[in-house]
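In the numbering used here, the protein residues as written are 9 to 376. Virtual Cβ for every residue (Gly too), placed ideally from N, Cα, C.
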Amino acid sequence: MYLNNSKQIVIKIGSSLLIDYKKNIRKEWLLNFAKDIKELIKNKKRVIIVSSGAIALGCKKLNISKKNLKLDKSQAVASIGQIELMNLFNEIFKKSKLNLSQILLTLEDTEIRRRAINAKRTFDNLFDLGFIPLVNENDSIATSEIKYGDNDRLASRVAQISGSDCLILLSDVDGLFDANPKLNKKAKLINNVKEINTNIENYISKNISEHGTGGMKTKIEAAKICQISGCYMAIANGLIDRPINNIIQNNNCTWFLPKVSKLDARKKWIISSISPKGELIIDEGAIQALKRGKSLLAAGIKSINGKFNKGDHVKILDKNMNEHARGLSSFNSDEIVRIKGQHSSKISEVLGYVSKSEVIHKDDMVEI
Ligand code: GLU
């Protein structure tokens, strides 16, 4: 079983598991969840929890509604609610003698390599100290343009940067069904997803219309990140009392299996970027060269979209806009506009200064 075989597990819980529709805190549930975590720790697993709820608990404390909350106000509300969230977890987890720490991340903490490595080191040190990291997005600081916005994708990126082998998204459904389970009694839970193909995308739209939140969409985005970075991911029902134990006993959830991945940690980080800053559209000859493991040269670039700096993540697309690879650009977007289509020997002349000859070096690139 995937969970049993994992050494390091990320578990994401959503606000609706912590607070019910009457705005009552589900303490009993959290007590049972803590027992699940205790069991995992006893079995020598390292656990990271990603929990939402800062905004919901802030609203509860202020007795205001989450609806129509403007961004700047919600940042303040999150700041008030985050401490409520930690207090709640601390109070409950203490009963199971579990130690918690808090990590608040912004998008850049996972998307800038140096910061991602630093975050991994902090996770490792916390494990050594016997503490369970509890992660949330730093909602009080993040602005709408530089924000995860949903903890599903945040959790998948946390799983990747921390080198975890399994991510569990606890949700209010059993997983992904092949039809709307409320409308169709014959709807079957899909147990294993090897590839997110059009069939699966179809199922997602059926599941979305059922729940009306788009919640399945960000979960599938998270699954894509896990698949390419070599991590197992499950969507499972968190509403039941011992959700993790339930997965171990009954396996009634949807597992997304990782693609076999021999990539090193840096390349996994490159491929699972959440916010590529631009696109390079390249010709057929360059596509063939990439397939032979070559670097991307200016000569093969037809056009470019987006504004980015040197070192930023970019997507590499063919003329039909199909994605072939991702990489870190050695030039900024203005420079690429000037050198695209040029032979490498001409680059210094066009730019007026000496620079690298590859636009994306093969070591900074991963094929999809
Ligand atoms: N970070 C947000 C919070 O703590 C939640 C984001 C989400 O629901 O995915 O309220």
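For residue i, the nearest candidate out of the options (CA to CA)
i: residue 241; options: 224, 254, 262; result: 262
i: residue 281; options: 126, 335, 78; result: 335
i: residue 24; options: 253, 246, 346; result: 246
i: residue 348; options: 164, 313, 374; result: 313
i: residue 318; options: 337, 330, 310, 283; result: 337
i: residue 289; options: 323, 92, 128; result: 323
i: residue 115; options: 94, 86, 146; result: 146
i: residue 68; options: 78, 189, 85, 123; result: 85
i: residue 149; options: 136, 310, 172, 117; result: 117
i: residue 4; options: 321, 327, 356, 315; result: Given that the chain is displayed from residue 9 to residue 376, the structure contains no residue 4 and the question cannot be resolved.
i: residue 90; options: 61, 231, 101, 223; result: 61
i: residue 80; options: 127, 111, 63, 285; result: 63
i: residue 236; options: 274, 209, 255; result: 274
i: residue 108; options: 124, 239, 243, 137; result: 137
i: residue 252; options: 33, 42, 35, 353; result: 42
i: residue 229; options: 329, 164, 173; result: 164
i: residue 58; options: 162, 36, 101, 196; result: 162
i: residue 104; options: 141, 44, 76; result: 44
i: residue 158; options: 111, 51, 144; result: 144
i: residue 368; options: 286, 329, 328; result: 286
i: residue 170; options: 87, 294, 113; result: 113
i: residue 98; options: 135, 78, 142; result: 142
i: residue 65; options: 27, 255, 371, 330; result: 27
i: residue 309; options: 339, 320, 283; result: 339
i: residue 353; options: 327, 311, 326, 307; result: 307
Buried or exposed by the 16-neighbour rule on C-beta atoms within 10 Å, applied to residue i
i: residue 191; result: exposed
i: residue 351; result: exposed
i: residue 29; result: exposed
i: residue 249; result: exposed
i: residue 168; result: buried
i: residue 366; result: buried
i: residue 176; result: buried
i: residue 222; result: Legend: pLDDT at residue 222 = 44, less than 50; position of this residue unreliable, no value from coordinates given.
i: residue 296; result: exposed
i: residue 20; result: buried
i: residue 226; result: buried
i: residue 270; result: exposed
i: residue 12; result: exposed
i: residue 358; result: exposed
i: residue 303; result: buried
i: residue 125; result: exposed
i: residue 343; result: buried
i: residue 267; result: exposed
i: residue 173; result: buried
i: residue 70; result: exposed
i: residue 372; result: buried
i: residue 224; result: buried
i: residue 272; result: exposed
i: residue 276; result: buried
DSSP three-state assignment for residue i, whether helix, strand or coil
i: residue 307; result: helix
i: residue 40; result: helix
i: residue 262; result: strand
i: residue 354; result: helix
i: residue 139; result: coil
i: residue 367; result: strand
i: residue 109; result: strand
i: residue 128; result: helix
i: residue 191; result: coil
i: residue 144; result: strand
i: residue 104; result: coil
i: residue 179; result: strand
i: residue 45; result: helix
i: residue 376; result: coil
i: residue 166; result: helix
i: residue 50; result: helix
i: residue 20; result: strand
i: residue 120; result: coil
i: residue 362; result: coil
i: residue 149; result: coil
i: residue 257; result: helix
i: residue 29; result: coil
Closer than 9 Å to chain D by CB, residue i
i: residue 281; result: No chain D appears in the structure shown, which is made up of a single protein chain.
Task: Any alpha helix (DSSP H) of 4 or more consecutive residues that is wholly inside the segment 193-254 - done: Correct list: 206-219, 223-236.
Open item on the list: Report the start-end ranges of each alpha helix (DSSP H) in the segment 52-101 that is 4 residues or longer and not cut off at the edges.
Closed with: 62-70
Task: Uninterrupted alpha helix (DSSP H) stretches inside the segment 268-300 (no shorter than 4 residues) - done: 273-279, 292-299
Task: alpha helix (DSSP H) runs wholly inside the segment 308-352, at least 4 long, in chain order - done: Unbroken alpha helix (DSSP H) runs of no fewer than 4 residues, entirely contained in the segment 308-352, are found at 341-347, following chain order.
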